[in-house]
Amino acid sequence: MHNDVPPTLDFRDLPAPEPLVRALHAIDTLAPGGMVRVLTPMHPQPLLDLLRSRRLGFSTMNCEGGGCAVTVWSEDGAAGA
12 MHNDVPPTLD FRDLPAPEPL VRALHAIDTL APGGMVRVLT PMHPQPLLDL LRSRRLGFST
72 MNCEGGGCAV TVWSEDGAAG A
């Protein structure tokens, strides 16, 4: 995984499906080799499934106070594919 600090987008206060929609938009606009962290109000299983299908790297971490932080990166420019 990368050691850089990615930009963080906080979607925890948004109603469904906005966190998923906005996270996907941010991921689709990643530059090759780019990285972004999104904060969601709950464990985002649908998002994680989509990231796997797009062959993007990701890690998850529970947020203090609830929600989940998902860091997404593109090793080979596959974002949006």
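The opening residue of the sequence shown carries number 12 in the numbering used here; numbering runs sequentially from there. Where a beta carbon is used, it is the ideal one built from N, C-alpha and C, also for glycine. Every value quoted in this text rests on a predicted model; they were computed, and no experiment measured them.
If you follow the alpha helix (DSSP H) that residue i is in, where does it begin and where does it stop?
i	result
Val32	Glu29 to Asp39
Per DSSP, which residues does residue i bridge with? Please list them.
i	result
Asp21	Leu50
Gly68	Trp84
Cys79	Thr51 and Asn73
Does the distance from the C-beta atom of residue i to that of residue j stay below 9 Å?
i	j	result
Val81	Val49	yes
Leu35	Leu59	no
Pro57	Gly77	no
Val47	Leu25	no
Leu31	Ser85	no
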